[in-house]
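Here the protein sequences come in this chain order: X and C.
Throughout the first sequence, residue numbering follows my numbering, covering 1 to 475 in sequence.
Throughout the second sequence, residue numbering follows my numbering, covering 476 to 938 in sequence.
Glycine is no exception: its CB is placed at the ideal position from the N, C-alpha and C atoms.
So the structure is just underneath, and the comments pick up after that.
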Amino acid sequence: MTPGKRFDLIVVGAGPGGYKACLRAVQLGMKVACVEKDPLPGGVCLNVGCIPSKALLDSSEYYQQMRTGFAEHGILADSVKLNLQAMMARKERVVEGLGENVRKLMESAGVECIRGAARLRGGNSIEVRSPASGSKSPAAAILEAGGILLATGSEPIPLPVLPYDGMKVVDSTGALNFQTVPEHLVIVGGGAIGLELGSVWKRLGARVTVVEMMPVITAGLDGQVSRTLERILTKQGFTFHLSAMVAGAALSPGGVRVSIRQNGREEAIECDRLLIAVGRRPFTRGLGVESVGVELDSRTGHVLVDTRYRTSVPTIYAVGDLIAGPALAHKASAEGVAAVECMAGISSEVNYDAIPSIVYTSPEAASVGWTEERLKERGIHYRAGICPLSGTARARCMGETDGFVKVIAHAGTDRLLGAHIIAARASDMISECVLAMELNAPSEAIARAVHGHPTFSEAVREAAAAVRKRSGHTA
Amino acid sequence: MQIQIRVPEVGESVQEAVLAEWYRRDGDFVRKGDPLFAIETDKVTLEVSAEADGVLKILIREGATVAIGSVVGILEAAAEMGEVLKPHGPAREEREAEPVAGTPESTRASDPGKLPAISGEEAPESPPALGKEPGRERPSVRELPPSAERLVAEKGIDVSKILGTGPGGRVTRGDVLLFLEESAGAEAMERMAGERRPPGRPALQEAPEEALAGSPKGAGAVSGAEVHRPQEAVRRQPMSRIRLRIAERLLEARQNTAMLTTFNEIDMSRVQAARIRFKEAFLKKYGVSPGIMSFFIKAAIVALKEFPEVNASIDGRDIVYHDYYHIGIAVGAERGLVVPVIRHADRLGFAEIEKAIKDFAAKIGRNLLELSDIEGGTFTITNGGVYGSLMSTPILNTPQSGILGMHKIEDRPVAVDGQIVIRPMMYVALSYDHRLIDGREAVKFLKRIKECVENPERIVMEI
Chain X
1 MTPGKRFDLI VVGAGPGGYK ACLRAVQLGM KVACVEKDPL PGGVCLNVGC IPSKALLDSS
61 EYYQQMRTGF AEHGILADSV KLNLQAMMAR KERVVEGLGE NVRKLMESAG VECIRGAARL
121 RGGNSIEVRS PASGSKSPAA AILEAGGILL ATGSEPIPLP VLPYDGMKVV DSTGALNFQT
181 VPEHLVIVGG GAIGLELGSV WKRLGARVTV VEMMPVITAG LDGQVSRTLE RILTKQGFTF
241 HLSAMVAGAA LSPGGVRVSI RQNGREEAIE CDRLLIAVGR RPFTRGLGVE SVGVELDSRT
301 GHVLVDTRYR TSVPTIYAVG DLIAGPALAH KASAEGVAAV ECMAGISSEV NYDAIPSIVY
361 TSPEAASVGW TEERLKERGI HYRAGICPLS GTARARCMGE TDGFVKVIAH AGTDRLLGAH
421 IIAARASDMI SECVLAMELN APSEAIARAV HGHPTFSEAV REAAAAVRKR SGHTA
Chain C
476 MQIQIRVPEV GESVQEAVLA EWYRRDGDFV RKGDPLFAIE TDKVTLEVSA EADGVLKILI
536 REGATVAIGS VVGILEAAAE MGEVLKPHGP AREEREAEPV AGTPESTRAS DPGKLPAISG
596 EEAPESPPAL GKEPGRERPS VRELPPSAER LVAEKGIDVS KILGTGPGGR VTRGDVLLFL
656 EESAGAEAME RMAGERRPPG RPALQEAPEE ALAGSPKGAG AVSGAEVHRP QEAVRRQPMS
716 RIRLRIAERL LEARQNTAML TTFNEIDMSR VQAARIRFKE AFLKKYGVSP GIMSFFIKAA
776 IVALKEFPEV NASIDGRDIV YHDYYHIGIA VGAERGLVVP VIRHADRLGF AEIEKAIKDF
836 AAKIGRNLLE LSDIEGGTFT ITNGGVYGSL MSTPILNTPQ SGILGMHKIE DRPVAVDGQI
896 VIRPMMYVAL SYDHRLIDGR EAVKFLKRIK ECVENPERIV MEI
């Protein structure tokens, strides 16, 4: 067999983990190829995840505001109409624009972008199968490299009782592309994806019911944040079935009939669309990881890596949703960069203590670090300071007074351990807390830093100032 | 090509330095100009950068004392970037024109025949065990990220006690910090909050000589590659600033003076009798107990006045006489030896001296000693007797020219007027700089102290 093209590094997957890794590798002087099965780079995040959902969340928020929110400001609109096709088209433009940006960025950096599905042949070699349709390039090409970085991401977990059909039973991708507003959308899973897509369709007029297995929504977030968010969303018209299991589901003439079991009782819910958002699993199918000896976690399917992101095959690296940790685009990007730096011998790592996570509901929920629940569980001495947004001038001006900021610091050293925010602008407010944690700063540092007035961020400062006014909590 | 990494010249007088930190790890690929390691001398800290691109091989570990010009590592100049991606495993010395990156060392590379990139020897027969990864295993979550690893090494923590919250349960730097904050309790918290109060009370201390004897001069000077030796429990940590300073000062005194010690013994019966007799009245009036230190300071001042060279110091070709009497008292504190100075001790009464000593002890205990408290002494007294020392040879507190060593008081049979009697006796030692003080003066100086302490009325009469 004739050896194929040689590179220093082949990155498999052009999502947030993969493309950031490519760009960093080029900066470090490597000759890089990037293999991507989809036409546009950007991965799930850009094509069918963070970006299109945020485009729809913003559009639907405007619609919602115009229908009900603006009146309070004295803005009256007689008839507000929804053009869903236009809204979807705009979403597509946003996605395509950003995708094009990434593609240009990679190409101008000198990354060789190769379209096709990759399969590992060994520690230094992959086979790329290009999409068959009329392509002149050979159906399969062999690429070789000193190192291979796997960044193939994850895919939605299906419901065992009812497979996706792309129409009535959909995953998050399907729920971004409804051609009409559902009448009744049932969402299995009360996590970020379910709540965000639920918010979109709720605002556009759907009835939305969320079925969640855990007793709270957004499990893992600070309890107070979860409870507050649930209250606010309920006020917005969401119906929640918590501690509820999907016992069965079947297609019915009207759509889907979902039977749920809650508190020992079974209940049937009729809906025209069912969104399954119970989580994501690492996407390794067809990659041939087992055949070359890359070890997986048998329980979760994650690729096992060491602190340098090397798999059990020393020339194969892996980052992002493929490996353990939260399935977040920014975590993948950070790992992609760190992995490439480790390859180049630069001591690099990702600070997993300070990775923010955000739910883009309205208001938004953003969080970083330890929650009070987990600190109590571990018996760690901490203090928490809270500032409700109702006291924040800017929030009142905007009429966005729902929510609060909670800052948690160690009782002894005052080192910031976590921050939890519900606010219209929580996604941007969390950054200063992430920075403070990155710097091992005490909560006093936030409290003493001068914050612009009037801003939402003042609530972060107030919460930090409240930390030291309160007595220490112990488990 | 191999490039040796040497410790550069840092100054004329500097012969060796401490390899304070490797910025890069063994097996890392480094680029020309990347900082590789830092060396510390008593005066400067210096970063040393790579002279070329290449893979770093570390020969000397952090914390070792290295001679100027010695080789601490090697740069294997890499032919190409592909080289970088070689597994960091056992170093195989195969140099090929085409730097085909490493052979997968996985224990189950199932179809090796189909791997086109593999050249030559497929499975290296068990590689030399000096590599840090003898055979690649499952990537373990027990492995620490570099930042956490550094912290764990620095603090000497048992990682198995830390619960990991990182991906897959891996321990993060934050987990280590929390562990420290929680497990060390209040003490560690305070230290982290600002190095304010080390616990423990100070005590008047013995001759600083013991500090030198205990300093691991030999042990610290590990050089050369890691020597194979059985696994004995050894802990290595950098010296604290104060310990470094003490070490430096004492060595300097040993090397730069012509130090000599003369001895005598003192019958303490009259001082002891006076102390017992006036103890209550003294305590009532001044709030401190009458100690023996005040007698010795007073006696020393009588002698210093008589022998001004002992209160002087050498500066270049000059003798600097001090027409004042600032007496340093060596105190062993938790963090190391300190010598607070009682200023113008000649103008102070017994009670004032005792109070000054008590105040210093309190200040040291709370770590409030200021630089001005320890500067400017002209003569030093050290009392190893509080620890039970029978005899010692104190080291000069340079640039001072004399130091008096007190020791424990012991009932001993002595001959007085032809009779054997039991007396509370103390050996005293005077170490002096022979460059400035002749033996005759030193002996007479110590004898004058003896006379004053044995007959305290001489102190009053200054004879």
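In the structure shown, G17 of chain X adopts helical secondary structure according to DSSP, grouped into three states. The alpha carbon of G840 of chain C has as its nearest neighbour, out of C:P869, C:G863, C:A808 and C:V813, the alpha carbon of C:A808. Three or more Cβ pairs closer than 8 Å define a contact, and the stretch 401-410 of chain X meets that threshold against the stretch 379-389 of chain X. Taking 7 Å as the upper bound on Cβ-Cβ separation, chain X lies near no residue of the stretch 867-893 of chain C. If you ignore the 5 residues before and after M866 of chain C, its C-beta comes within less than 8 Å of the C-beta of F738, H882, Y902 and A904, all in its own chain and listed in chain order. For N858 of chain C, the uninterrupted beta strand (DSSP E) run begins and ends at F854 to N858, by DSSP. With respect to the C-alpha of L296 of chain X, the residue from X:T307, X:P282, X:F7 and X:R308 having the closest C-alpha is X:P282. Distances from the alpha-carbon of I346 of chain X to those of C:A492, C:A628 and C:G529 put C:G529 closest.
In the three-state DSSP reduction, M437 of chain X falls in the helix class (H, G or I). Annotation: Cβ neighbours of G649 of chain C in chain X (cutoff 7 Å, chain order): D353. Comparing C-alpha distances from L871 of chain C to each of C:K754, C:R933, C:T732 and C:V493 shows the shortest one belongs to C:T732.
Here the stretch 221-240 of chain X makes no contact with the stretch 309-328 of chain X; the two share fewer than three CB pairs at distances below 8 Å.
Of all residues in the stretch 727-758 of chain C, none is placed with a Cβ closer than 7 Å to any Cβ belonging to chain X. Taking every protein chain shown into account, the CB of S243 of chain X has fewer than 16 other CB atoms within 10 angstroms, so this residue is exposed. Taken through DSSP and simplified to helix, strand or coil, I549 of chain C comes out as strand. Annotation: the continuous beta strand (DSSP E) that includes V493 of chain C extends over E491 to W497.
I543 of chain C sits close to V482 of chain C, with the two beta carbons spaced by under 9 Å. Collapsing the DSSP output to three states places P156 of chain X in a strand. For G18 of chain X, there are no C-beta contacts with chain C under 8 Å, since the nearest C-beta of that chain is about 17 Å from it. Beyond the five residues adjoining it in sequence on each side, A787 of chain C comes within less than 7 Å, by CB distance, of I794, V795, Y796, H797, S876 and L911 in the same chain, given in chain order. If you compare the alpha carbons of X:L251, X:M106 and X:G153 with that of V161 of chain X, the shortest gap goes to X:L251. Along the length of the stretch 75-120 of chain X, whole beta strand (DSSP E) runs at least 3 residues long occupy 112-115, reported in chain order. Annotated as distal: I148 of chain X and V128 of chain X, with beta-carbon spacing of 9 Å or more.
Less than 9 Å separates the beta-carbon of A109 of chain X from that of C22 of chain X. Put simply, the backbone Cα of T857 of chain C is about 19 Å away from that of A826 of chain C. By the neighbour-count criterion, in which a residue is buried when 16 or more other Cβ atoms sit within 10 angstroms of its Cβ, Y799 of chain C is exposed.
The closest CA to that of S457 of chain X, considering only X:A426, X:M437, X:A445 and X:A466, is found on X:A426.
For F404 of chain X, the enclosing beta strand (DSSP E) starts and ends at F404 to H410. Taking a beta-carbon distance threshold of 9 Å, L304 of chain X counts as an interface residue toward chain C. In this structure, the alpha-carbon of E929 of chain C lies about 36 Å from that of A722 of chain C. Distance check between R645 of chain C and each of C:Q747, C:G803 and C:R617 places C:R617 closest, using alpha-carbon atoms only. Taken through DSSP and simplified to helix, strand or coil, S524 of chain C comes out as strand.
In the structure shown, the three-state DSSP call for M734 of chain C is strand. Taking C-beta separations shorter than 7 Å and ignoring five residues to either side along the sequence, the partners of D171 of chain X in its chain run P156, Y164 and I276, following chain order. N739 of chain C sits in a strand when the DSSP states are folded into three classes. In the three-state scheme derived from DSSP, where H, G and I count as helix and E and B as strand, A344 of chain X is classed as coil.
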